[in-house]
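With the numbering used here applied, the sequence shown covers 1 to 142. Ideal Cβ positions, reconstructed from N, Cα and C, are used throughout, including at glycine. Note that the structure is predicted; figures quoted are calculated from it, not measured. One structure is given here, and the rest of the page talks about it.
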Amino acid sequence: MLGGVAGHAGLFGTAKDLATLMQMYLNKGNYGGVQYLDSNVVKDFTSYHFPGNRRGLCFDKPEPDEKDSPVTDLCSPESYGHSGFTGTFTWIDPKNKLIVVFLSNRVYPDAEENKLAKLGIRGKIHRAFYEAVEAAQKIAYQ
Numbered sequence: 001m002l003g004g005v006a007g008h009a010g011l012f013g014t015a016k017d018l019a020t021l022m023q024m025y026l027n028k029g030n031y032g033g034v035q036y037l038d039s040n041v042v043k044d045f046t047s048y049h050f051p052g053n054r055r056g057l058c059f060d061k062p063e064p065d066e067k068d069s070p071v072t073d074l075c076s077p078e079s080y081g082h083s084g085f086t087g088t089f090t091w092i093d094p095k096n097k098l099i100v101v102f103l104s105n106r107v108y109p110d111a112e113e114n115k116l117a118k119l120g121i122r123g124k125i126h127r128a129f130y131e132a133v134e135a136a137q138k139i140a141y142q
């Protein structure tokens, strides 16, 4: 539809680079005091747009029916992210102020065996982040 060019075409970079980019999105387009993207653009690209479709314009969203969601049921409906073909995964949760970056190469040595999906690895890692934040908050309030 877009001639092979789209904002969701993939994640390429180091973990630090992706975390920086995700922090800019979490900050509604602002990073280091510089407004790189208008906050309305970030809102538009990270929102639901069509009933029955969990996709934003540039990012995936949690499935309203949690059992079919690509992410943990612990994330908020405001959250958004990307899970790439190669296994790379990043997720931003504005409500919980959480950014997850998971880099992998599931296509090495070939793309045939998709153990990340078959074993639900990205979802388990995603859940572990939320559980770790919850545990840290409990310790902080003691």
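Beta-carbon gap between residue i and residue j smaller than 8 Å
i, j, result
"Leu-173", "Phe-129", "The requested residue 173 does not occur in the structure, where the chain is confined to residues 1 to 142."
"Phe-59", "Gly-87", "no"
"Asp-93", "Ser-79", "yes"
"Ala-15", "Val-101", "yes"
"Met-22", "Tyr-36", "no"
For residue i, the nearest candidate out of the options (CA to CA)
i, options, result
"Thr-72", "Ile-139, Leu-26, Ile-121", "Ile-121"
"Ala-19", "Val-133, Ile-139, Thr-90", "Thr-90"
"Pro-70", "Val-41, Asp-44, Phe-45, Leu-116", "Leu-116"
"Gly-52", "Pro-64, Lys-43, Asn-96, Val-41", "Pro-64"
Sequence-distant residues of its chain with Cβ nearer than 8 Å to residue i (five each side left out)
i, result
"Asn-114", "Arg-106"
"His-49", "Arg-55, Gly-56, Leu-57"
"Arg-127", "Thr-72, Leu-74"
"Gly-13", "Leu-21"
"Lys-43", "Lys-28"
Spatial neighbours of residue i in its chain, beta-carbon cut-off 7 Å, leaving aside the 5 residues before and after
i, result
"Ser-39", "Lys-28, Gly-29"
"Ser-47", "Gly-56"
Nearest-angstrom Cα separation, counted from residue j out to residue i
i, j, result
"Leu-26", "Phe-85", "23 Å"
"Ala-144", "Asp-110", "Past the boundaries of the shown model lies residue 144; the chain is included only from 1 to 142, so the question cannot be answered."
"Gly-32", "Phe-45", "21 Å"
"Ser-76", "Glu-112", "33 Å"
"Ile-139", "Gly-123", "25 Å"
"Ala-136", "Ile-125", "17 Å"
"Val-34", "Lys-95", "22 Å"
"Tyr-141", "Glu-134", "11 Å"
Residues of its chain near residue i, where Cβ-Cβ distance is below 6 Å and the 5 sequence neighbours each way are ignored
i, result
"Lys-118", "none"
"Val-41", "none"
For residue j and residue i, believed in contact at Cβ under 8 Å, the rounded distance
i, j, result
"Pro-62", "Arg-54", "7 Å"
Residue i at chain B interface by Cβ criterion, 8 Å
i, result
"Ser-83", "The structure shown contains no chain B, having only a single protein chain."
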